[in-house]
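Please read the structure below before turning to the comments.
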Amino acid sequence: MAKGELMNIAEGETQVQVVAFKLRREEYGFNILNVKEIKGLTDITRVPFASDFIKGVINLRGSVLPVIDLKKRLGLQDMEYTDDTRIVVVREDDLEVGMIVDAVTGVITLNGDQIDAAKAVDNENSRFITGVGKVAEERLIILLNLEAIIGLQDEIK
Amino acid sequence: MDTNQYMEMFLEESREHLQSLNDGLLALENDPEEVSVVNDIFRNAHTIKGMSATMGFTKIAELTHDMENVFDLLRKEQMKVNEDIMDTLFKTIDSLEQMIESVGAGGPEDVVDITSFASKLSALASGKSISDAAPAPAAAPAAEAAPAAAKTGAASIEYSDTDKDVITQAAGSGMHVHHIKVTLASSCVLKSARSYMVMNALDQVGEVVKSVPPAEDLEQEKFEQSFDVVVVTDSEAKALEETLLAISEVDSVEITDAAEEVKAPEEAPAPAPAAAAPVANVPAPTAPVAPAPKSAAPPAKKPAADAKKLKSGQSVRVDIEKLDTLMNLMGELVINKVRLEQIGTTHRLTELTETLEQMDRVTTDLQTVVMKVRMVPVGQVFNRFPRMVRDLAKELGKELNLTIEGEETELDRTVIDEIGDPIMHLLRNSLDHGLEHPDAREAKGKPRIGEVGLIARHEGNNVVIMVTDDGKGIDADVIRRKAVEKGMISEDEANSLDDADAVRLIFLPGFSTAEKITDVSGRGVGMDVVRSKIETLGGHVDVETKIDEGSVFKIKLPLTLAIIQALLVKVQEEMYAIPLGSIDSTINITQEDIKTVRNREVIVLRGQIIPIIRLGDILNVPRVNEAESDDIFVVVVHIGERKAGIVVDNLIGQQEIVIKTLGKLLAGLKVISGATVLGDGRVAMILDVSALM
Chain U
51 MAKGELMNIA EGETQVQVVA FKLRREEYGF NILNVKEIKG LTDITRVPFA SDFIKGVINL
111 RGSVLPVIDL KKRLGLQDME YTDDTRIVVV REDDLEVGMI VDAVTGVITL NGDQIDAAKA
171 VDNENSRFIT GVGKVAEERL IILLNLEAII GLQDEIK
Chain R
119 MDTNQYMEMF LEESREHLQS LNDGLLALEN DPEEVSVVND IFRNAHTIKG MSATMGFTKI
179 AELTHDMENV FDLLRKEQMK VNEDIMDTLF KTIDSLEQMI ESVGAGGPED VVDITSFASK
239 LSALASGKSI SDAAPAPAAA PAAEAAPAAA KTGAASIEYS DTDKDVITQA AGSGMHVHHI
299 KVTLASSCVL KSARSYMVMN ALDQVGEVVK SVPPAEDLEQ EKFEQSFDVV VVTDSEAKAL
359 EETLLAISEV DSVEITDAAE EVKAPEEAPA PAPAAAAPVA NVPAPTAPVA PAPKSAAPPA
419 KKPAADAKKL KSGQSVRVDI EKLDTLMNLM GELVINKVRL EQIGTTHRLT ELTETLEQMD
479 RVTTDLQTVV MKVRMVPVGQ VFNRFPRMVR DLAKELGKEL NLTIEGEETE LDRTVIDEIG
539 DPIMHLLRNS LDHGLEHPDA REAKGKPRIG EVGLIARHEG NNVVIMVTDD GKGIDADVIR
599 RKAVEKGMIS EDEANSLDDA DAVRLIFLPG FSTAEKITDV SGRGVGMDVV RSKIETLGGH
659 VDVETKIDEG SVFKIKLPLT LAIIQALLVK VQEEMYAIPL GSIDSTINIT QEDIKTVRNR
719 EVIVLRGQII PIIRLGDILN VPRVNEAESD DIFVVVVHIG ERKAGIVVDN LIGQQEIVIK
779 TLGKLLAGLK VISGATVLGD GRVAMILDVS ALM
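In structure tokens:
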């Protein structure tokens, strides 16, 4: 299997690398090009009057970075923070945001044929999802649409 | 050649040169005799021409070339400045600006039709034969006469009254006062170096009381082959002459007695004797000093004009983003230092603590420097106004004199970028509504030419920018009537306002008193836009006015937007910063002091009823401590005249905080104006007091 994958990479035209992480029991991923860094949980300051999915802000080397509670954004049930909880700092255009995830599982290379856009789960969250990557028989990674999650356009109405 | 990489440099420099051209032309318009400015702007035009030609912008180069021809005639005084010429030149500069901005935006060069200007300019340039025949401008003979006089003899410098006093006194006390004319060899390349050596030699034997041209010009080689120095010394002329001739490349030295020249200016300047005049036996002149010789007057003009020029130090251009990064890194450094300090204290590491104290000094200095780097003089904004005011005045048919003061006052870069439009609005307003037409002014017994001032200065921790005019002022009754007509306030309310408050109504949205809507101002947007802009900058604007005497619009701005003094308060477990500028006082009260008036909680402070705001409720702070203490801390804040008391759980202390924006995602939150990083690395929200009230 591993060999096969490597060969695909060599030919690869539409391959994509994703940073995979866990939210509750499912695995999700952001395109690695959007991910700036991954950091441990630090003090989060609540911001009054902010949207409910915005957990607050943190100090990222002197700048103030908003942090999104990704589980809340996706309508998942809340969970206590653990030692594995991380903040994934992502960047879309000139906007930087931190995402709270339950654990980061690694960087995974997916080829075009491993990604199934049609498989996108058809529920209220479909707008947040660009597709599903199949790594192995039992391992699926839900690829997230960062633009929609940051949701500048639909939140400001 | 790939010129893209030079594009930015080209744009920046062209803008600068255009600005200088604008300034220069304005100076020339104000004083058409002052031909020397043409020399400067000629150089500006020449540089633009060269740069644009290099960049391949032939149209810009052509137009600049045509303009240069006109400048050339002006500086050679073959043409006299008139209104037509000035207007054409100004319009040409505008077109150049448009073209340059267009190429800057990646557009084509020929956004404006230059042919009309080009033909007009060449018409002006070729029209010189006519102006040649016409009597030469008054300045011409004078300016030419000056260097001529300088060549004929040493006794050609002008002594001011002070100079005369000094010379007479020195001569009276038995010193020699020599007037020395030093001529350098025509082959001399480093004239400034030679003149420096001469001055240095003279400084060693006595005191140089005057030099023509002045020392700065000598340093900058702004002289031909010779210069004049007046020196007070006890050395004899002969000795001086020998000393000076010993300096290489000094061609000749003529020494005359300055005391004699001062005493007898009426006498024709005798050809300077090769040998020194006998000085020792000159009696101390006691007679009042005679008026300066008329013929010597002109040369003073050019040095004066040059001295006005601001000294330009060496500088580098830095992208503002880099400065922001620098500032963030600085903040991070400070925070880490605080952490190290905590480690040092908890583990009792004296060596570490001592080292950190050293480091503390360095970081503090570094922080100040980084802050200062962000400061820029308001002149950067002010310098575009003279031109605007000139054009506007013409358009409106008004006559005025614009005075600008305090251009060197510094403000944070972020404020500078935002302040231009509000000031422009105020200036337009003063010109359009404030100043009367010249005839109307005359009828009121005021001078035809109005005075408009743009003044910046420091006031405590603020910078104040004032726009003043000596126009008709604002009639409080007219404002009251308009406000009632527009249904903004009721008749009773209007009558209860005193004049000052009534005038302030102009800052309300949708207020415009202009009888007719003009292109300039009076669209009903304006003053309220000015106010909101200034307030978002953390400043505020006010107006003082007196009928027929004029108005003063006063903008008060914090020195910097990046760092403010704030009071840190605690609500439950959350920390908030309240800008010190809006805090009146902090008081300690008990639950009984809080009364209820019309369903609102209030306290009485020094006879004044002040509504109170419970911060915890407003901000929905999660309750951690249920136990309510009987002691209540109240921070009394004000916005203008209105006051309110903010109830908090604890006062932490006053601190300088660095303001950070919350970014796009959290933009537009009410009550929160920004965030700051505290010493322990945590983030605290900054409260917008005006939104709380």
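These protein sequences, in sequence, are chains U and R. For the first sequence, position 59 matches number 109 in this note's numbering, and the numbering has no gaps at all. For the second sequence, position 357 matches number 475 in this note's numbering, and the numbering has no gaps at all. Each residue gets a CB set at the ideal place from its N, CA and C atoms; glycine is no exception.
Straight-line Cα distance separating residue j from residue i
i	j	result
R:LEU737	R:GLY781	20 Å
R:GLY771	R:LEU686	5 Å
R:ALA171	R:THR165	10 Å
U:ILE179	R:PHE751	49 Å
R:CYS306	R:GLU367	6 Å
R:GLU459	R:MET445	21 Å
R:PHE189	R:LEU239	10 Å
R:LEU544	R:GLU201	27 Å
R:GLU653	R:HIS183	46 Å
U:ILE108	U:VAL185	33 Å
R:MET506	R:GLU774	39 Å
U:ILE82	R:THR779	27 Å
R:GLN682	R:GLY449	Residue 682 of chain R is actually Ile in this sequence, not Gln. Answer to the nearest angstrom: the Cα atoms are 14 Å apart.
U:LEU190	U:LYS105	27 Å
R:ALA809	R:SER220	41 Å
R:ALA289	R:PHE341	29 Å
R:ALA355	R:ALA377	13 Å
Under 9 Å by beta carbon: chain R residues contacting residue i
i	result
U:THR45	The question about residue 45 of chain U has no answer, for chain U in this structure spans 51 to 207.
U:ILE150	Under the 9 Å cutoff, chain R gives no residues; its nearest Cβ is about 15 Å from U:ILE150.
Chain-ordered neighbours of residue i on chain U, where CB pairs are closer than 8 Å
i	result
R:ASN446	ARG111, GLY112 and SER113
R:VAL789	PRO98 and PHE99
R:GLY449	GLY112
Proximity of residue i and residue j at Cβ, strictly below 8 Å
i	j	result
R:LEU549	R:LEU510	yes
U:ILE150	U:LEU120	yes
R:ASP798	R:VAL689	no
R:GLU824	R:ARG566	There is no way to answer for residue 824 of chain R, as the model of chain R reaches only from 119 to 811.
U:VAL69	U:PHE80	yes
R:ARG800	U:ASP93	yes
R:VAL316	R:LEU362	yes
R:HIS296	R:THR351	yes
R:GLU525	R:PRO504	no
R:ALA793	R:ALA802	yes
R:ASP375	R:ALA303	no
U:LEU145	R:LEU783	yes
R:ASP646	R:LEU626	yes
R:LEU441	R:VAL533	no
U:THR155	U:GLU77	yes
Under 8 Å from the C-beta of residue i: neighbouring residues of chain R
i	result
U:VAL25	The requested residue 25 of chain U does not occur in the structure, where chain U is confined to residues 51 to 207.
U:LEU145	GLY781, LYS782 and LEU783
U:ILE104	LEU783 and LEU784
Amino acids of chain U, ordered along the chain, whose beta-carbon sits closer than 7 Å to that of residue i
i	result
R:ASN738	PRO98
is_contact[residue i, chain A] using C-beta, thresh 8 Å
i	result
R:MET317	In the structure shown, chain A does not exist; the protein chains are U and R.
Chain-ordered chain R contacts of residue i [CB-CB under 7 Å]
i	result
U:ILE200	LEU783
- With contact counted as at least three CB pairs below 8 Å, one residue from each stretch, are the stretch 206-213 of chain R and the stretch 139-147 of chain R in contact? A contact is defined here as three or more CB-CB pairs under 8 Å, and the stretch 206-213 of chain R meets this definition with respect to the stretch 139-147 of chain R.
- Given 8 Å, three or more beta-carbon pairs between the stretch 322-329 of chain R and the stretch 343-363 of chain R: Contact between the stretch 322-329 of chain R and the stretch 343-363 of chain R is established, with three or more Cβ pairs separated by less than 8 Å.
- Message: Which runs of the beta strand (DSSP E) at least 3 residues long sit entirely within the stretch 719-789 of chain R? Give them in chain order.
- Response: Annotation: the stretch 719-789 of chain R contains the following complete segments of the beta strand (DSSP E) (minimum length 3 residues), in chain order: 726-732, 749-757, 760-766 and 768-776.
- Evaluate the contact criterion for the stretch 712-720 of chain R versus the stretch 685-703 of chain R: three or more CB pairs, one atom per stretch, below 8 Å. No contact exists between the stretch 712-720 of chain R and the stretch 685-703 of chain R.
- Counting Cβ pairs, one atom from each stretch, are 3 or more of them under 8 Å apart for the stretch 84-93 of chain U and the stretch 722-731 of chain R? In short, these stretches do not touch, since the Cβ pair count stays below three.
- Query: Would you say the stretch 550-565 of chain R touches the stretch 575-592 of chain R, given that touching needs at least three Cβ pairs under 8 Å?
  - Reply: Verdict: yes, contact present.
- Can you list the beta strand (DSSP E) stretches of 3 or more residues lying completely in the stretch 136-224 of chain R, in chain order? As far as the stretch 136-224 of chain R is concerned, it has no whole beta strand (DSSP E) run of at least 3 residues.
- Would you be able to state if there are at least three C-beta pairs under 8 Å between the stretch 474-489 of chain R and the stretch 124-143 of chain U? The stretch 124-143 of chain U is not in contact with the stretch 474-489 of chain R.
- Between the stretch 217-224 of chain R and the stretch 182-200 of chain R, do at least 3 Cβ pairs fall closer than 8 Å? Contact between the stretch 217-224 of chain R and the stretch 182-200 of chain R is absent: fewer than three C-beta pairs spanning the two stretches fall below 8 Å.
- Considering only residues of the stretch 85-126 of chain U, which uninterrupted alpha helix (DSSP H) runs meet the minimum length of 4 residues and lie entirely inside it, listed in chain order? As far as the stretch 85-126 of chain U is concerned, its whole alpha helix (DSSP H) runs of at least 4 residues are 120-123.
- Query: Which runs of the beta strand (DSSP E) spanning at least 3 residues fall entirely within the stretch 303-331 of chain R, listed in chain order?
  - Reply: As for any beta strand (DSSP E) of minimum length 3 sitting wholly inside the stretch 303-331 of chain R, the runs are 324-330, ordered along the chain.
- Which runs of the alpha helix (DSSP H) spanning at least 4 residues fall entirely within the stretch 545-598 of chain R, listed in chain order? The stretch 545-598 of chain R contains these whole alpha helix (DSSP H) runs: 556-561.
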